[in-house]
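To keep things clear, I will list the structure first and then write my remarks on it.
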Amino acid sequence: QSTGEFQTFQHYFKQINLRFSEMKNSIVCNKVVDREDVAAMCLYYTSTVKSNTVAIDDIYNMVKIEAIRVFIAREDQNVVGILLSYPHYSTWVAESVVIRTILADNNHIKVCLFEAVIAEGKERGISRFDLFSTDENTIEVAQMTGFTNLTVSEDWHSYSFSISSS
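Under the numbering used here, the first residue of the sequence shown carries the number 324, and numbering increases by one thereafter.
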């Protein structure tokens with residue numbers, strides 16, 4: 324590899340980083356606190372997952388009592404991503420945050436949403452954040468953000484038990 328090719332690669336890499344920084348700076352991620360944001364989040368959700376119904380008032384009521392925390396990413400006032408989380412309490416960890424749903428137009432927006440929920444959690448003194456997802460892309464972005472796969476690192480496995488209504 325010649326010096327010229329290496330310099331061209333360095334220039335190209337700097338341009339990618341610049342574009343990412345500009346894109347990231349144009350995205351605003353905020354915690355949802357009002358009904359209008361919940362309605363915008365629901366509209367984005369239904370259009371993304373092709374769902375017909377979402378109960379805006381039910382979600383807003385859960386947001387008001389902080390049973391769930393919703394983060395919304397906007398670019399030029401358009402919703403481009405959402406993250407739904409809820410508090411979880413454990414005897415040996417205290418309060419933690421469980422991230423349940425994250426939908427975004429691209430990975431940069433997912434990173435911004437992860438950073439927003441972590442920053443808000445840190446302000447509240449939370450030190451543990453868990454992600455429950457089967458989406459490979461979301462898992463990959465989470466690991467790039469610093470999340471650890473506990474199945475691999477600590478040999479944790481998650482199991483479920485359901486009671487059937489028969």
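Each residue gets a CB set at the ideal place from its N, CA and C atoms; glycine is no exception.
Note that this is a predicted model, so its numbers are computed, not measured.
Report the residue from the options whose alpha carbon sits nearest the alpha carbon of residue i.
| i | options | result |
| --- | --- | --- |
| Arg-451 | Ser-408, Thr-424, Ile-432 | Ser-408 |
| Gly-444 | Pro-410, Ser-456, Asp-458 | Pro-410 |
| Ile-422 | Ile-350, Thr-369, His-480, Ala-465 | Ala-465 |
| Asn-401 | Ile-388, Ser-349, Ile-425 | Ser-349 |
| Glu-389 | Val-377, Val-355, Asp-399, Arg-397 | Val-355 |
| Phe-437 | Asp-381, Asn-460, Thr-471, Ile-425 | Ile-425 |
| Arg-397 | Leu-454, Val-420, Asn-384, Ala-363 | Ala-363 |
| Asn-472 | Asp-458, Ala-417, Leu-454, Phe-484 | Leu-454 |
| Val-377 | Lys-433, Cys-365, Glu-459 | Cys-365 |
| Ile-432 | Asp-478, Asn-460, Met-385 | Asn-460 |
Does any CB atom of chain C fall closer than 9 Å to the CB of residue i?
| i | result |
| --- | --- |
| Glu-477 | Given the protein chain composition of this structure (a single chain), no chain C is represented. |
Who are the Cβ neighbours of residue i in its own chain at under 6 Å, not counting the five residues just before and after it?
| i | result |
| --- | --- |
| Gln-324 | Below a pLDDT of 50, predicted positions are generally treated as unreliable, and Gln-324, at 46, falls in that range; no measurement from the model is reported. |
| Val-351 | Arg-397 |
Assuming contact is defined by CB atoms lying nearer than 9 Å, are residue i and residue j in contact in what I supplied?
| i | j | result |
| --- | --- | --- |
| Ile-405 | Ile-391 | no |
| Ala-427 | Asn-353 | no |
| Glu-403 | Tyr-368 | The question names Glu, yet the displayed sequence has Val at residue 403. Not closer than 9 Å, so no. |
| Ser-485 | Ile-449 | no |
| Thr-468 | Val-434 | yes |
Within the continuous beta strand (DSSP E) that includes residue i, where are the two ends?
| i | result |
| --- | --- |
| Phe-394 | 392 to 398 |
| Lys-354 | 350 to 354 |
| Val-402 | 401 to 413 |
| Val-420 | 417 to 427 |
Residues in its own chain within less than 7 Å of residue i by CB, not counting five upstream and five downstream?
| i | result |
| --- | --- |
| Ile-462 | Ser-456 |
| Met-385 | Ile-391 |
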